[in-house]
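Residue numbers (the numbering used here): 6 to 125. Every residue, glycine too, gets a C-beta built ideally from N, C-alpha and C.
Next up, the structure:
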């Protein structure tokens, strides 16, 4: 389906931080991660750009339920209307790394009783 769309790029928004982290591991043995990475390579070779964007889930972000319902509707829609932006698979790594670092930073900031916090 993605190969037949006229737009050359796609942005995937996810609140599943560990899934984005798994995509950073190019040596993963998990079959789903490997399948996604293979698709990303194929898309890159076809001139398609895929961008991942991490969004926090249910952390006081206004409109999250609306976003969830729109995401579910988009999955069931056979004609996606979102604009897409092509990106080679090799170019995804910096975006994924940024998302992972952001996730780690959020977790670090959330821990208050951390001995290392006094050192830094």
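From this set, the options, which residue's C-alpha is nearest residue i's C-alpha?
i, options, result
"residue 42", "71, 96, 77, 75", "96"
"residue 15", "44, 116, 111, 72", "44"
"residue 53", "11, 24, 37", "11"
"residue 105", "25, 50, 118", "25"
Among residues of its own chain, excluding the 5 on either side of residue i, which ones have a beta-carbon nearer than 6 Å to its beta-carbon?
i, result
"residue 48", "55"
"residue 17", "57"
"residue 70", "none"
Answer yes or no: does any C-beta atom of chain D fall closer than 7 Å to that of residue i?
i, result
"residue 22", "As a matter of chain content, chain D is missing from the structure shown, which is built from one protein chain."
Could you round the C-beta distance between residue i and residue j to whole angstroms and report it? I think they count as a contact, below 8 Å.
i, j, result
"residue 59", "residue 107", "6 Å"
"residue 61", "residue 20", "7 Å"
Quick check: the stretch 13-32 against the stretch 101-113, are there 3 or more CB pairs under 8 Å?
yes
In chain order, what are the residue ranges of uninterrupted beta strand (DSSP E) at least 3 long that sit wholly in the stretch 29-68?
54-59
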